[in-house]
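Residue numbers (the numbering used here): 5 to 409.
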């Protein structure tokens, strides 16, 4: 649905670009609103991370989520660079042609999704064939899905997992807070170092390339080579973001700014680690719901962070209209908050495993079949599963399917 919404958006932008007499407001009604109803980016990212978690084992999930995050991070700078070249050199500054290409790529993505990806990653998921044409839209707009998502957040969980889940959602919001710093970074370098657009573009290319290379090398080394915990890797990423901003804040030359960008390249490892931890803290049946909540935290933050960075930037400008270095202090504060929140999980968890032991679909059905259909008995069955999971964790057992008799 998310890809379909993005396709609708791109196609309608092409239509609006061709209709010279249409006012700009038509973009909202014909492109933005229909796309938003499908979930668009929120649905795409939530589904992708839930899918990769469902088809991955506990052992390789962190690495796979990281690779997916690398693709996510590298797509934007690559697309901007390629799009800029095509816009000026190939398409003669035609927005219609640009979005036609975008729509074509989205159509290919939809075809690949239909043909190559699994339609169901668990037996409990309902297929489109089961829903049928008449049942799809009522199911899509069913308010019970919203209730179920929030119930996942508030339902009691043993082993401090409910507060851990809430902490991880808050941590994701605080981590993504720093993305709104980028637009003020350009203004700061313009006044501080007299950089023009070309010089700043070179800096952004270096920064984006360093991000991708660092994630490709650092995460496998830390996770597979050194066998560090996810919390330890997050510590490194959060401090990398904070220390990089100190270089930005005190830099007197462009060289120090590049050093800060190099240190900052370890920062993006925080995102995939948070997602990996979240996937381990809930059973397989709830991963899609918690990833939807994570996607909301990821995409809704700009409503707050944009205002905060704007106010801080304006408050730290001098009389000549220069300065604005206060935005770096705001980023440091949010990343230190990330460190403190993850530190609390690290300390409370100790040497215990964060992961919920996997239960196969067959065993889950046997558990459900041994109980009556009433809600009280179902809740009692869930409690048995969770208590057994904690016992397994306390015994430091290896990941395996737990058999119930």
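Even for Gly, the Cβ is constructed at its ideal location relative to N, Cα and C.
I'd like the ranges of any alpha helix (DSSP H) spanning at least 4 consecutive residues and lying wholly in the stretch 141 to 205.
147 to 158, 165 to 180, 186 to 197
Nearest-angstrom Cα distance between residue 267 and residue 158?
Within the chain shown, the letter at position 263 stands for residue 267. Within the chain shown, the letter at position 154 stands for residue 158. Their backbone Cα atoms lie some 37 angstroms apart in a straight line.
Quick check on residue 345: does DSSP put it in helix, strand or coil?
The sequence position of residue 345 within the chain shown is 341, counting from 1. Residue state, collapsed to three classes: helix.
Taking C-alpha atoms, which residue in 237, 354, 196 lies nearest to residue 324?
Here residue 324 corresponds to residue number 320 of the chain shown, with the count starting at 1. The shortest Cα separation from residue 324 among 237, 354, 196 belongs to 196.
When 54, 51, 57, 17 are compared against residue 38, the one with the closest alpha-carbon:
Along the chain shown, one-based indexing puts residue 38 at 34. Ranking the options by Cα distance to residue 38, first place goes to 17.
For the stretch 276 to 331, list the alpha helix (DSSP H) runs that are entirely contained and at least 4 residues long, ordered along the chain.
291 to 304, 306 to 319
Name the residue from 121, 239, 42 whose alpha carbon lies nearest to the alpha carbon of residue 342.
The residue given as residue 342 occupies position 338 in the chain shown. Its Cα nearest to that of residue 342, the residue 239 stands out among 121, 239, 42.
By how many angstroms is the C-alpha of residue 89 removed from the C-alpha of residue 53?
Counting from 1 along the chain shown, the entry for residue 53 is found at position 49. Counting from 1 along the chain shown, the entry for residue 89 is found at position 85. Taking the straight line joining both Cα atoms gives about 31 angstroms.
Report the rounded CA-to-CA distance for residue 249 versus residue 119, giving the unit in angstroms.
For the purposes of this step, residue 249 is taken as the residue at position 245 of the chain shown. For the purposes of this step, residue 119 is taken as the residue at position 115 of the chain shown. Cα-Cα distance, rounded: 45 angstroms.
Would DSSP call residue 223 helix, strand or coil?
In the chain shown, the residue the question calls residue 223 occupies position 219. Helix.
Along the alpha helix (DSSP H) that carries residue 245, what are the first and last residues, could you check?
Here residue 245 is taken as the residue at index 241 of the chain shown, counted from 1. Per DSSP, residue 245 belongs to the alpha helix (DSSP H) from 234 to 254.
Is it true that the stretch 31 to 50 meets the stretch 63 to 70, where meeting means three or more beta-carbon pairs spaced less than 8 angstroms apart?
no
Name the two residues that bound the continuous alpha helix (DSSP H) containing residue 74.
Start at 1 with the first residue of the chain shown, and residue 74 comes out as number 70. That run of the alpha helix (DSSP H) goes 65 to 89.
For residue 74 and residue 21, what's the separation of their Cα atoms in angstroms?
Counting from one through the chain shown, the residue named residue 74 turns up at place 70. Counting from one through the chain shown, the residue named residue 21 turns up at place 17. Cα to Cα, residue 74 sits roughly 33 angstroms from residue 21.
Between the C-alpha atoms of residue 292 and residue 113, what's the straight-line distance to the nearest angstrom?
In the chain shown, residue 292 corresponds to position 288, counting from 1. In the chain shown, residue 113 corresponds to position 109, counting from 1. Straight-line Cα distance between these residues: approximately 20 angstroms.
Tell me which same chain residues have a C-beta within less than 6 angstroms of the C-beta of residue 377, skipping the five on either side of it?
Here residue 377 is taken as the residue at index 373 of the chain shown, counted from 1. Annotation note: pLDDT 44 at residue 377 (below 50); position unreliable, coordinate value reported separately. Cβ within range, chain order: n/a, list empty.
Based on Cα-Cα distance, which residue from 189, 26, 98 lies nearest to residue 329?
Taking the first residue of the chain shown as 1, we reach residue 329 at position 325. Cα-wise, what sits closest to residue 329 is 189.
Drop a sphere of 10 angstroms on the beta-carbon of residue 206, count the other beta-carbons inside from all chains shown, and report buried for 16 or more, exposed for fewer.
Taking the chain shown and counting its residues from 1, the one referred to as residue 206 is at position 202. Exposed is the call here.
When DSSP labels each residue in this structure, what does residue 59 get in the three-state scheme?
Here the question's residue 59 lines up with position 55 in the chain shown. It is coil, neither helix nor strand.
Could you check whether residue 331 and residue 185 sit closer than 8 angstroms to each other, using their CB atoms as the reference points?
Counting from one through the chain shown, the residue named residue 185 turns up at place 181. Counting from one through the chain shown, the residue named residue 331 turns up at place 327. By the CB criterion at 8 angstroms, residue 185 and residue 331 fall inside the cutoff.
Using only alpha-carbon positions, find the residue among 311, 319, 219 that is nearest to residue 410.
Residue 410 is absent from the structure shown; the chain starts at 5 and stops at 409.
Comparing alpha-carbon positions, which option in 230, 104, 255, 66 lies nearest residue 277?
By 1-based counting over the chain shown, the position of residue 277 is 273. Checked all of 230, 104, 255, 66; the closest Cα to residue 277 is 66.
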